[in-house]
Amino acid sequence: MTHFSILAMKNGQFLSLLDHLVLTLDQNPWKEINQAALRESGVEFVRRRSGGGTVYHDLGNTNYSIMVPRQTFDRVTNAELVASALNSQEINIPAWVNERHDIVVHGKKIRSAYKIISQRAYHHGTMLISAELGSLGMLLRNTKTSLLTKGVESVRSPVANLVTFSPNVTHEMFVDAVVQAFQAKYYPDESIPFSETTRCIPAEVEAGAKELRDWDWRFGQTPEFTHDMNNTFPWGDVRAHITAKRGLITESLITGLDIPDNALVGLRYSTLEGAEEVLAISYIGPPDRLQDIITWLRLEM
């Protein structure tokens, strides 16, 4: 059986979902996100289990999912279902599906992604209705060109809100249009079965949500990457080459200061927790220079 679910972020409900960046399974959070801007804004990020690209969630978007048996899954069909809803007489927005299976309007994307697991598949999307797109641009503006990753990088594309093309469109209008398109596609000759969601969350869902918030999932799932950095201090030039996998440093080469190769191996990339203690064991030199290096690395990462 094919199922459709939809979630709106409004009226103060589902607060844990508000103002989040959502990365995909194989992306690098240090490459995709401006972490400094993220910390300053107070927005959090999570890593989802499906592919696609990084999306921004706030009160101005609506999330939907179409769940189907694996053997009947078709990305194009499901994307075209949502696009047809936008083209309906009630909304009247000329949406179509591009070659990447994204839903677009006048060349601007409104997001789509999917996931296949065992005997099931789901196609989900984040419909931008009146989202704060300025925040999206700020948080995804990353200048780490020397960070090279084996993970999947987002394809940068122009995005737009539905209200840009139809100022009066609302969440309720979008929901009604998609439900009608869903029924026409999957239940043309019978009444569509509805099931109400409740606030009673199953234990396995709670466990899954907890895992998504853990460092081991958000950062520890990051594919291998390298980061080359250099800086000129008042006392000299320093270069650093860092390789990391699953969020942990696997190789460190620092020139310009008497620090042994691979001295940072095993530490968490970016936070470098315990770096002062680890480096103090083997470093012989002015303490202030060592602290300069550690502070600089944390800022650059």
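Numbering (numbering that gives the first Met the number 0), first residue to last: 0 to 300.
We put the CB at the ideal spot given by N, CA and C, even for glycine.
Check: L298: buried (16+ other C-beta within 10 angstroms of its C-beta) or exposed?
Finding: Residue mapping note: residue 298 aligns to position 299 of the sequence shown, counting from 1. Label assigned to L298: exposed.
Notebook entry, point to check: Near R46, what residues of its chain come up, given a Cβ to Cβ distance below 8 angstroms and the 5 sequence neighbours on each side ignored?
Noted result: The sequence position of residue 46 within the sequence shown is 47, counting from 1. Same-chain partners within the cutoff: V21, L22, T23, L24, Q26, P28, L211, W216, R217, Q220.
Note to self: In whole angstroms, give me the CA-to-CA distance for G133 and E189.
What the structure shows: Translated into the one-based positions of the sequence shown, residue 133 becomes position 134. Translated into the one-based positions of the sequence shown, residue 189 becomes position 190. C-alpha separation (whole angstroms): 43 angstroms.
Item checked: Between the CA atoms of Q118 and I90 - distance to the nearest angstrom -> Taking the first residue of the sequence shown as position 1, residue 90 is located at position 91. Taking the first residue of the sequence shown as position 1, residue 118 is located at position 119. If you take the alpha carbons of I90 and Q118, they lie about 35 angstroms apart.
Item checked: Inter-stretch contact (C-beta, 8 angstroms, three-pair minimum) for the stretch 29-45 and the stretch 75-95 -> no
Check: If you check the beta carbons only, do E223 and A243 fall under 9 angstroms apart?
Finding: Translated into the one-based positions of the sequence shown, residue 223 becomes position 224. Translated into the one-based positions of the sequence shown, residue 243 becomes position 244. For E223 and A243, yes; Cβs fall inside 9 angstroms.
Margin query: Does the contact criterion of 3 or more C-beta pairs under 8 angstroms hold for the stretch 130-144 versus the stretch 174-184?
Written below: no
Item checked: Buried versus exposed, by CB contacts within 10 Å (16 or more), F232 -> Here residue 232 refers to the residue found at position 233 when the sequence shown is read from its first residue. With fewer than 16 Cβ atoms within 10 Å of its Cβ, F232 is classed as exposed.
Check: Based on the DSSP output, what are the partners of N229 in its beta bridges?
Finding: As a first step, residue 229 is located in the sequence shown; it is residue number 230 there, counting from the start. Beta-bridge partners of N229 (DSSP): R238.
Next item on the list: Report the rounded CA-to-CA distance for N33 versus Y55, giving the unit in angstroms.
Entry: By 1-based counting over the sequence shown, the position of residue 33 is 34. By 1-based counting over the sequence shown, the position of residue 55 is 56. Note on geometry: alpha-carbon atoms of N33 and Y55 lie some 13 angstroms from one another.
Checklist line | Identified DSSP bridge partners for T254 | finding: Counting from 1 along the sequence shown, the entry for residue 254 is found at position 255. DSSP, once it has assigned bridges, lists R238 as partnering T254.
Next item on the list: Name, in chain order, the residues that DSSP records as bridge partners for L247.
Entry: Taking the sequence shown and counting its residues from 1, the one referred to as residue 247 is at position 248. Partner(s): K244, R267.
Notebook entry, point to check: Relative to the ligand ADP, is the shortest distance from any of its heavy atoms to the C-beta of A206 smaller than 8 angstroms?
Noted result: Among the components modelled here there is no ligand, and therefore nothing to report on the ligand ADP.
Next item on the list: Consult DSSP for E331 and reduce its assignment to one of helix, strand or coil.
Entry: As displayed, the chain neither begins before 0 nor continues past 300, which places residue 331 out of reach and without an answer.
Note to self: Give me the residue from N229, Q88, R74 with the minimum Cα distance to N102.
What the structure shows: Here residue 102 corresponds to residue number 103 of the sequence shown, with the count starting at 1. A small correction: the amino acid at residue 102 is Ile; Asn does not occupy that position in the sequence shown. Check the Cα spacing between I102 and each of N229, Q88, R74: the tightest is with R74.
Checklist line | Collapsed DSSP secondary structure at P286 in the structure displayed | finding: Here residue 286 refers to the residue found at position 287 when the sequence shown is read from its first residue. If DSSP states are grouped into helix, strand and coil, P286 belongs with the helices.
Next item on the list: Output yes if chain C places a C-beta closer than 9 angstroms to the C-beta of E223; else output no.
Entry: Reference to chain C is not applicable here, since this structure consists of a single protein chain.
Checklist line | Start-to-end residues for the alpha helix (DSSP H) that takes in A202 | finding: Translated into positions along the sequence shown, residue 202 becomes position 203. Judged by DSSP secondary structure, A202 falls within the alpha helix (DSSP H) whose first and last residues are 202-212.
Note to self: Check this for me: beta carbons of L138 and V264, under 9 angstroms apart or not?
What the structure shows: Here residue 138 is taken as the residue at index 139 of the sequence shown, counted from 1. Here residue 264 is taken as the residue at index 265 of the sequence shown, counted from 1. Taking 9 angstroms as the Cβ cut-off, L138 and V264 do not qualify as a contacting pair.
Next item on the list: Note the first and the last residue of the continuous beta strand (DSSP E) segment covering E31.
Entry: Residue numbering aside, residue 31 sits at position 32 when the sequence shown is read from its first letter. Run containing E31: none in the beta strand (DSSP E); it sits in the alpha helix (DSSP H), 28-31.
Checklist line | Reduced DSSP secondary structure (H/G/I, E/B, other) of S281 | finding: In the sequence shown, counting from the first residue as 1, residue 281 sits at position 282. In the structure shown, S281 sits in a helix (DSSP, three-state: H, G or I).
Note to self: Please classify N77 as buried or exposed, where buried requires at least 16 neighbouring CB atoms within 10 angstroms.
What the structure shows: Locating residue 77 in the sequence shown gives position 78, counting from the first residue. Its Cβ being crowded by 16 or more others within 10 Å, N77 is buried.
Note to self: Given a cut-off of 9 angstroms on the beta-carbon distance, is the pair G106 and P157 in contact?
What the structure shows: The residue you call residue 106 lines up with position 107 of the sequence shown. The residue you call residue 157 lines up with position 158 of the sequence shown. Closer than 9 angstroms, so yes.
Notebook entry, point to check: Can you check whether the CB of G255 is closer than 9 angstroms to the CB of L266?
Noted result: Reading the sequence shown from its first residue, position 267 is the one you call residue 266. Reading the sequence shown from its first residue, position 256 is the one you call residue 255. For L266 and G255, no; Cβs fall outside 9 angstroms.
Check: By Cβ distance, which residues of its chain are closer than 8 angstroms to V162, with the 5 residues on each side in sequence left out?
Finding: For the purposes of this step, residue 162 is taken as residue 163 along the sequence shown, with counting starting at 1. If you ignore the 5 residues before and after V162, its C-beta comes within less than 8 angstroms of the C-beta of I128, S129, V168, all in its own chain and listed in chain order.
Notebook entry, point to check: Fully enclosed by the stretch 74-114, which alpha helix (DSSP H) runs are 4 residues long or longer?
Noted result: 74-85
Notebook entry, point to check: Just curious, the alpha helix (DSSP H) that L132 is in, first and last residue?
Noted result: Within the sequence shown, the letter at position 133 stands for residue 132. Run containing L132: 132-138, per the alpha helix (DSSP H) assignment.
Note to self: Give me the DSSP bridge partner(s) of F224.
What the structure shows: Counting from one through the sequence shown, the residue named residue 224 turns up at place 225. Paired residues: T148, A243.
Notebook entry, point to check: What are the residues that DSSP puts in a beta bridge with V178?
Noted result: The sequence position of residue 178 within the sequence shown is 179, counting from 1. Answer by DSSP bridge pairing: none, since V178 is not bridged.
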